[in-house]
Amino acid sequence: MNRGIEEMSISRTEVVKIAELAKLEFSEEEMDALTARFQRILDYVEALKEANVEGVEPTSHAASGAGAAVPALRDDVIHRSLPAADALGNAPDPGSDHFRVPKVI
Amino acid sequence: MKLDDVVQIRDGVNGGSISAAEVAEAALRCIEALDGRLKAFISVQPERVRARAREVDLQVRDGKTPLPLAGVPVAVKDNISVKGMRTTCGSRILENYIPPYSATAVRLLEEAGAVLVGKTNCDEFGMGSSTENSAFQTTCNPYDPERVAGGSSGGSAACVAAGMASLALGSDTGGSVRQPSSFCNVVGLKPTYGRVSRFGLVAFASSLDVIGTIARSPRDAAVLLAVVAGRDEHDSTSATIPVADYLGEMEKPVRGLRIGVPKEFFDPGLEAEVKTLIEAALANAASLGCDLTEVSLPHTRYAIADYYIIAPAEASSNLARYDGVKYGSRTPGVRDLAEMYFRSRSNAFGAEVKRRIMIGTYALSSGYYEAYYGRAMRVRTLIRRDYERAFENVDVLMAPVSPTPPFKIGEKVDDPLAMYLSDIYTVTANLAGIPAISVPCGFTSGGLPVGLQILGRHFEEDTILRLAEHYTRAFPVSPRPLLI
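Quick mapping for you: the protein sequence lines, in order, are chains A and B.
For the first sequence, my numbering gives the first residue as 1283, with consecutive numbering after it.
For the second sequence, my numbering gives the first residue as 821, with consecutive numbering after it.
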């Protein structure tokens, strides 16, 4: 399915589905407010469909072509990386050499 | 001691006529006196500041080469990592996060002899135009404490305006350095995308984010940019182009410089008093011998819509890392992993961040990607081409920074779209990747600061800094007392 930008009204059910994908939960009232705001923002961005992008390439590095883009691969040499203790230092529940999480299944 | 002249401080510290310790004490006294009301800082560690200043004094005494920022007090936006210093991004989710490494820009600052005085307030993850989306506090405007300092780098702009630091680092994704600089009567530079390494800048929208500089004068901004700019092996998008001699270039004349005035930036949304001040600034620039012509950037009308697809899309992806596993807060008492993700994220992210994650997730979701993000990235090319075409005939552009002077705290907080629209004159520089600077150009009848924006070609920071320096020397904005 590839829906065109012309079909831009959004249902509450769809917003619930997006929240699921985004791993966010909302109260009933928040969900109502969010759906309304979502619609306003989508109505606004509908303006983009008027732009003629036929044959236009997307821009990802905005300064490329101005001398910025280089094949940015470093030499394949071993160098010191972050020590494990530092990498675990901010973890809510660190083990001796791992991150602990609640049961998965 | 006034902290408003970087060259004077660093020459004094290098020459031994003042110590970094004395300068640091002056900054700490000012923070102590004003920040209770201004709320520019999220964290200040006075003992750490003093220890660091002593270290710089020792280094200067033993060193042979002068340091470019010897003893200069610098504030750093709280979304830029400083090793061992809490870096919250204005978010509850990183309330206790202590980075195990420093951003490249921070490392370069410290190697240059700067003294970091504290971490400044910002909208959560940089998402906002007023610091009202900070989870901790709203920064006041030093010229009117009932008004916002702008955002998202509002703390950085306010602290430089109030003299609590000589310089500050901010980040600019859609105007977050220039708009608060305009609101606080200081100089704010957003460099070309890739000019300053993003390593250690906590990611918001990776194709738009850039670290920028806030200072009291274009000259000071140039001193800071020269220190932090350059290629960094830790950021593959950073540019290999050599860093220009900004201070040297600044002394060249501006007579004959061709200035374009984009007509789309003088739309009905531009407030009358701001328009009058910008038009006066254009006349001032003409009196310096610059040639002004009107230019057109026809795709500007798509800019806000384009930005508010691209930035949330990239944010939704970048913020997926806050899952309560590796760092950040975790909600306890959950049954399983999935519940931990939902609870931890929902409890700790603020309303605007959640809204943008939702919009971004939608724009990237299966079936919609090409209609939204794909299309937005193509429209972005059209916006960039507008600039490239304009720059075939002119050297720089001059325009307003914000359609309004600083607004009241609370005024736009319930209307996200109104808040988004206030970014209209700043987002296109991010979409096109070009450098742009905000310089003070006067006050409204109500005493509120207004900034003038100068935009340049990719990697031509030297040209916009040169014009900014000549402009502010010839037409200094008479200082007004701060109302804090």
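Don't be surprised by glycine CBs; every beta carbon is placed ideally from N, CA and C.
Exercise. Give a yes or no on whether 8 Å exceeds the smallest Cβ distance from residue 1360 of chain A to chain B.
Key: Residue-level contact check: residue 1360 of chain A does not touch chain B, since none of the beta carbons of chain B fall below 8 Å from its beta carbon.
Quiz item: Out of B/1018, B/1182, B/1090 and B/827, which has the shortest C-alpha to C-alpha gap to residue 1306 of chain A?
Solution: B/1182
Quiz prompt | Straight-line gap, residue 1153 of chain B to residue 1304 of chain A (C-alpha atoms, nearest Å) | solution = 21 Å
Quiz item: Roughly how many angstroms lie between the CA atoms of residue 1285 of chain A and residue 1291 of chain A, to the nearest whole one?
Solution: Its pLDDT being 47, under 50, residue 1285 of chain A is placed unreliably by the model, and nothing is read from it.
Practice problem: Just confirm the distance between the C-beta atoms of residue 1125 of chain B and residue 1327 of chain A, as a whole number of angstroms; I'd bet it's less than 8 Å. | Solution: 4 Å
Self-check item: Contact set for residue 1288 of chain A: own chain, Cβ-Cβ below 6 Å, skip 5 residues either direction
Solution: Its pLDDT being 47, under 50, residue 1288 of chain A is placed unreliably by the model, and the measurement read from it follows with that caveat. Around residue 1288 of chain A: no qualifying Cβ.
Quiz item: Taking the alpha carbon of residue 1320 of chain A as the point to measure from, which residue in B/1004, B/1265, B/936 and B/1237 has its own alpha carbon closest?
Solution: B/1237
Quiz item: Looking at residue 1008 of chain B and residue 1258 of chain B, is the spacing between their C-beta atoms short of 8 Å?
Solution: yes
Exercise. Return no unless some Cβ of chain C is closer than 8 Å to the Cβ of residue 1310 of chain A.
Key: Absent here is chain C; the protein component of the structure consists of chains A and B.
Quiz item: Do residue 1173 of chain B and residue 952 of chain B have their CB atoms nearer than 8 Å?
Solution: no
Quiz prompt | Limits of the unbroken beta strand (DSSP E) element including residue 1071 of chain B | solution = Residue 1071 of chain B -> no beta strand (DSSP E), and no H or E assigned at all.
Quiz item: Using DSSP with H/G/I as helix, E/B as strand and the rest coil, what is residue 1205 of chain B?
Solution: helix
Practice problem: Could you name the residues of chain A that residue 1245 of chain B contacts, counting a contact when the two beta carbons are closer than 9 Å? | Solution: Correct list: empty, because the minimum Cβ distance to chain A is about 17 Å.
Practice problem: Examine chain A for any beta-carbon lying closer than 8 Å to the beta-carbon of residue 1166 of chain B, and answer yes or no. | Solution: yes
Quiz item: For residue 1017 of chain B, which of helix, strand or coil comes out of DSSP?
Solution: coil
Exercise. Grab the span of the beta strand (DSSP E) containing residue 1114 of chain B for me, first residue to last.
Key: 1111-1115
Quiz item: Going along the chain, which residues of its own chain have a beta-carbon closer than 6 Å to the beta-carbon of residue 1283 of chain A, five neighbours each way excluded?
Solution: Below a pLDDT of 50, predicted positions are generally treated as unreliable, and residue 1283 of chain A, at 40, falls in that range; no measurement from the model is reported.
Quiz item: What separation, rounded to the nearest whole angstrom, lies between the Cα atoms of residue 1272 of chain B and residue 1116 of chain B?
Solution: In a straight line, the C-alpha of residue 1272 of chain B is about 18 Å away from that of residue 1116 of chain B.
Quiz prompt | 3 or more residues per run - each beta strand (DSSP E) lying fully within the region 823-869 of chain B | solution = 861-863
Practice problem: Let me know the secondary structure DSSP gives residue 1331 of chain A once reduced to three states. | Solution: helix
Quiz prompt | For residue 947 of chain B, the three-state DSSP class (helix, strand or coil) | solution = coil
Quiz item: At least one CB of chain B closer than 8 Å to the CB of residue 1317 of chain A: is that the case?
Solution: no
Quiz item: Should residue 943 of chain B go down as buried or exposed, given a rule of 16 or more other Cβ atoms within 10 Å for buried?
Solution: buried
Quiz item: Contact between the region 866-882 of chain B and the region 964-978 of chain B: three or more CB pairs below 8 Å?
Solution: no
Quiz prompt | Cross-chain neighbours of residue 1147 of chain B in chain A, by beta carbon under 7 Å | solution = Neighbours of residue 1147 of chain B on chain A, chain order: 1372 and 1373.
Practice problem: Out of B/1189, B/1280, B/1078 and B/824, point me to the one whose CA is closest to residue 1114 of chain B's CA. | Solution: B/1078
Quiz prompt | Where residue 1298 of chain B falls: helix, strand or coil (DSSP) | solution = coil
Quiz prompt | Check whether residue 1226 of chain B and residue 1003 of chain B have beta carbons under 8 Å apart | solution = yes
Quiz item: From the DSSP output, which residues share a beta bridge with residue 967 of chain B?
Solution: B/1228
Quiz item: Would a check of beta-carbon distances place residue 939 of chain B closer than 8 Å to chain A?
Solution: By this cut-off, residue 939 of chain B is not an interface position.
Quiz item: Roughly how many angstroms lie between the CA atoms of residue 901 of chain B and residue 914 of chain B, to the nearest whole one?
Solution: 12 Å
Exercise. Within the region 1151-1193 of chain B, note down every full alpha helix (DSSP H) run reaching 4 residues or more, in order along the chain.
Key: Taking only runs of at least 4 residues, the alpha helix (DSSP H) segments lying wholly in the region 1151-1193 of chain B are 1157-1168 and 1171-1184.
Exercise. With a 10 Å radius around its C-beta and 16 neighbouring C-beta atoms as the bar for buried, classify residue 910 of chain B as buried or exposed.
Key: buried
Exercise. Can you check DSSP and say which residues form a bridge with residue 1273 of chain B?
Key: B/1219 and B/1258
Quiz item: Applying a beta-carbon distance threshold of less than 7 Å, which residues of chain A neighbour residue 1069 of chain B?
Solution: By Cβ distance, chain A contributes nothing, its closest Cβ being about 17 Å from residue 1069 of chain B, past 7 Å.
Quiz item: Is the Cβ of residue 1196 of chain B closer than 8 Å to any Cβ of chain A?
Solution: Cβ-Cβ to chain A under 8 Å: yes for residue 1196 of chain B.
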